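Enquirer: Have a look at this one.
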Amino acid sequence: MAVRHIKALTLTLLLAACSTGVKHDELSSSRSAAAGEEALMDDASALEQGAALKAALDKSVGYLLKNQNPDGSWGHHLPWRPNDIMIGGFNTFHAFGSASTALVCMGLLQVDDSTEVRDALARGFRSLIAAEDARRIDGRVFYNTWAHTYMVEAFAMGLQDARLAELHGQMRERCMRELDALLKIQCLNGGWGYYDFGQRMFPPSGDIATPFNTAAALVAMHAAREAGISVPQKVIDGAFEFLRTCRVLNGAYLYSYGHIGSPTGMANNIRGSIGRSQSGNCAFGTWKRLLEEKDIRQGLDDFFTHHHYIACGLHRQWPHEAFYATAPYYYLFGHHYAACNIALVDKDARPGYARRLGAIIAGIQEEDGSIWDYPLYGYTKAYGTGYGAGILARCLKALNEGK
C-alpha cells in the first residue's frame, strides 16, 4: 500500500512539473533541420545578396533584446522538461547562466550598433562582472568549464570594443579571475572536460577530457592574449599536445580521451565528429599550429558533405541517440566554430561557405527569432540564440567581404 501511495505521489509530482512554467510544447520546434537544407536551394539568390541573412540576424537580435533578464543576464534555471541533464549541484546553474550570458554578449558584439544593442551589452557585461563564481563543487560533474571558457572569451572580445570602455577595468579583472579558474581545472593530460566519474581528482584526471572542451578553451585563451592578458605558454603547449593526440589522421577527433583505444568508433568517425571537429580545427588554425589552410577547408567541406548526420540529432531530448552517436548539444557549437573557420580560409572561398552555413542557421530559426538545439533547463534559447546570432553575423560579414 505504501509503495502504491509513493507511485501515485511520484506521478502527481511529474504531472505537476510538466504543467508548470513553460510548457513542453512551447519548446517543440516548428522548424526541422531539413528546412536549412531547403534554404540552400530556395533562398540562394537572396542569401548571396545578404538580405535574407540580415533579416534572420535582426530577428535573432530582436529575440535577445526582448528576453534579457532585469539583472542583464539571459536564461533561467527552471527546466523546460522533466528529467533534464544531471547538474551535480546547484552551482551548475551559475555555470549555465554565465556561459549563456557570455555567448549572448559575444553574439551582440558582432551585430550592427544601435542604442538598444549598446544598452543590452552594457547590462549583459555588468551581470557577468557581478556573476556568482561558477565553482567546481562535485568531483564528477563540473560544467563550470564552459562558464570560465566563454566568460574569458566574451570579456576578451569586449575589452577590444570602445563602446564598453567604461567597464574595461572591471572586465579585465574578472577576465583574469575566470582565466585563473579555467587553468586550475586543466586536466593532468593537458585537456579540459566537464566529467571525471572514475577518479574525481583535483585537478581532474583527464580520463573524460574532451578535444572540443580543450579547443574552445584554446580559442578563448587566444582571444585573451589578443586583449593583452597573459596566458602561460606551458598551458597552451600542454593543451595542444592533448588536442594533437585526440586528432585522427582522417581529420576527425575522438569524442574524449577515453576513446583513444577506439579511433574508428562511431563517435570518432568523420560523420560522428563533424559537430566537434570544427572547434579542433579552429584552435589549430587560430593559433597557427599543425594545420594548414587546406586542412581547415577540407574540414569545412566534410562538414557540409556529411551535415545531415549532425542535423539528425538536432532538437532531440537525449544526447547521442542519433546516428554516429551525434548529440544535439554540439549542433550549434559546431556551426559556431565552422563560422569562425570561414575567416581562416582563402578570402575567395569565404562567401560560398558563408552562404551555405547562413542558410542552415536561418532555416532552423523559430518564428519568435530564437535558435536552439538542445533542451537545457531555461537556458535553451538563450545560449542557442547567442550562438546563432554570432554565426549569422560572421556569415554576413564573409558575404559582404565577397561583394
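Position 78 (the sequence shown) corresponds to 1107 in our numbering; numbering is contiguous.
Idealized CB from N, CA, C, for every residue including glycine.
In this text the structure is predicted, and so the values were computed from the model without any measurement.
1) Would you call the CB atoms of residue 1169 and residue 1229 closer than 8 Å?
2) Nearest by alpha-carbon distance to residue 1280: which of 1315, 1108 and 1329 is it?
3) With a threshold of 6 Å on Cβ separation, who are the neighbours of residue 1020 within its own chain once the five nearest residues in sequence on each side are excluded?
4) What residue does the alpha helix (DSSP H) around residue 1302 start on, and which one ends it?
5) Determine the direct distance from the alpha carbon of residue 1093 to that of residue 1086, and round the result to whole angstroms.
6) Considering only C-alpha positions, which residue in the set 1191, 1120 and 1369 is nearest to residue 1309?
7) Look at the Cβ atom of residue 1204, then the Cβ atom of residue 1258, and state whether they are nearer than 8 Å.
8) Does the beta-carbon of residue 1401 have 16 or more other beta-carbons within 10 angstroms, so that it is buried, or is it exposed?
9) Could you give the DSSP three-state label for residue 1153: helix, strand or coil?
10) Compare the C-alpha of residue 1434 against each of 1286, 1428 and 1333 and name the closest.
11) Go to residue 1203, then tell me how far its alpha helix (DSSP H) extends in each direction, as first and last residue.
12) Can you give the Cα-Cα distance for residue 1101 and residue 1149, rounded to whole angstroms?
13) Checking the sheet assignment: what are the DSSP bridge partners for residue 1407?
14) So is residue 1045 buried or exposed if we call it buried at 16+ other beta carbons inside 10 Å?
15) Taking contact to mean 3 or more Cβ pairs, one atom from each stretch, closer than 8 Å, check whether the segment 1175-1193 and the segment 1151-1158 are in contact.
16) Kindly list the residues whose CB is nearer than 8 Å to the CB of residue 1306, restricted to its own chain and excluding five residues on each side of it in sequence; keep chain order.
17) So, for residue 1361: in the same chain, excluding its five sequence neighbours on each side, which residues have a beta-carbon less than 6 Å away from its beta-carbon?
18) Could you spell out where the alpha helix (DSSP H) holding residue 1097 opens and where it closes?
19) Per DSSP, which one or two residues make a beta bridge with residue 1178?
20) On the three-state DSSP scale, how would you describe residue 1239?
21) Could you pull the DSSP bridge partners for residue 1382 from this structure?
22) Over what stretch of residues does the alpha helix (DSSP H) that includes residue 1282 continue unbroken?
23) Can you check DSSP and say which residues form a bridge with residue 1276?
24) Under a three-way DSSP split, which group does residue 1412 fall into?
25) For residue 1266 and residue 1366, I'd like the C-alpha separation in whole angstroms.
26) Where residue 1111 and residue 1221 are concerned, what is the direct C-alpha to C-alpha distance, given to the nearest angstrom?
27) Can you tell me whether residue 1033 is helix, strand or coil according to DSSP?
28) Taking the DSSP output, what are the residues bridged to residue 1224?
Expert: If we stick to the structure as given:
1) In the sequence shown, residue 1169 corresponds to position 140, counting from 1. In the sequence shown, residue 1229 corresponds to position 200, counting from 1. It is a contact, given that the beta carbons lie within the stated cut-off.
2) Along the sequence shown, one-based indexing puts residue 1280 at 251. If we check each option's Cα against that of residue 1280, 1329 comes out closest.
3) The chain is shown only over 1030 to 1432; residue 1020 falls outside these bounds and no answer can be derived.
4) Against the sequence shown, residue 1302 aligns to sequence position 273. Looking at the DSSP string, the run of the alpha helix (DSSP H) that includes residue 1302 is 1299-1315.
5) The residue you call residue 1086 lines up with position 57 of the sequence shown. The residue you call residue 1093 lines up with position 64 of the sequence shown. Distance between the alpha carbons of residue 1086 and residue 1093: 11 Å.
6) For the purposes of this step, residue 1309 is identified with residue 280 of the sequence shown, where counting begins at 1. Taking only the C-alpha atoms, the option nearest residue 1309 is 1369.
7) For the purposes of this step, residue 1204 is taken as the residue at position 175 of the sequence shown. For the purposes of this step, residue 1258 is taken as the residue at position 229 of the sequence shown. Yes, these two residues count as a Cβ contact at 8 Å.
8) Stepping through the sequence shown from its first residue, residue 1401 is reached at position 372. Buried: at least 16 other Cβ atoms inside 10 Å.
9) Here residue 1153 is taken as the residue at index 124 of the sequence shown, counted from 1. Helix, per DSSP.
10) A query on residue 1434 cannot be resolved here, the shown segment of the chain reaching from 1030 to 1432 and no further.
11) Along the sequence shown, read from residue 1 onward, the residue named residue 1203 stands at position 174. 1197-1213 is the extent of the alpha helix (DSSP H) around residue 1203.
12) By one-based count along the sequence shown, residue 1101 stands at place 72. By one-based count along the sequence shown, residue 1149 stands at place 120. Using only the alpha carbons, I get a separation of about 7 Å.
13) In the sequence shown, residue 1407 corresponds to position 378, counting from 1. According to DSSP, residue 1407 bridges with 1105.
14) Working through the sequence shown from its first residue, we reach residue 1045 at position 16. Any answer about residue 1045 is weak, because its pLDDT of 35 lies below 50 and its placement is not dependable; what the coordinates show is given next. Classification for residue 1045: exposed.
15) These segments touch.
16) Position 277 of the sequence shown, counted from the first residue, corresponds to residue 1306. 1280, 1281, 1282, 1299, 1328, 1331, 1332 and 1363.
17) Counting from one through the sequence shown, the residue named residue 1361 turns up at place 332. So the qualifying residues of the chain are 1402, 1413 and 1416.
18) For this step, residue 1097 is matched to residue 68 along the sequence shown. It is not in any alpha helix (DSSP H) - residue 1097 carries neither H nor E in the DSSP assignment.
19) Residue numbering aside, residue 1178 sits at position 149 when the sequence shown is read from its first letter. Answer is none; residue 1178 lacks a bridge partner.
20) Against the sequence shown, residue 1239 aligns to sequence position 210. In the structure shown, residue 1239 adopts extended strand secondary structure according to DSSP, grouped into three states.
21) On the sequence shown, residue 1382 is found 353 positions in, with the first residue counted as 1. DSSP lists no partner for residue 1382.
22) As a position in the sequence shown, residue 1282 is number 253, starting the count at 1. That residue, residue 1282, is in no alpha helix (DSSP H); it is neither H nor E in DSSP.
23) Reading the sequence shown from its first residue, position 247 is the one you call residue 1276. For residue 1276, which the question treats as bridged, DSSP gives the partners 1282.
24) As a first step, residue 1412 is located in the sequence shown; it is residue number 383 there, counting from the start. DSSP places residue 1412 in helix when its eight states are reduced to three.
25) Residue mapping note: residue 1266 aligns to position 237 of the sequence shown, counting from 1. Residue mapping note: residue 1366 aligns to position 337 of the sequence shown, counting from 1. If you take the alpha carbons of residue 1266 and residue 1366, they lie about 21 Å apart.
26) Residue mapping note: residue 1111 aligns to position 82 of the sequence shown, counting from 1. Residue mapping note: residue 1221 aligns to position 192 of the sequence shown, counting from 1. Their backbone Cα atoms lie some 29 Å apart in a straight line.
27) Locating residue 1033 in the sequence shown gives position 4, counting from the first residue. Residue placement at residue 1033 is flagged as unreliable, the pLDDT there being 42, under the threshold of 50; the coordinate-derived value follows with that caveat. Here residue 1033 sits in helix by DSSP.
28) Here residue 1224 refers to the residue found at position 195 of the sequence shown. DSSP lists 1170 as partners of residue 1224.
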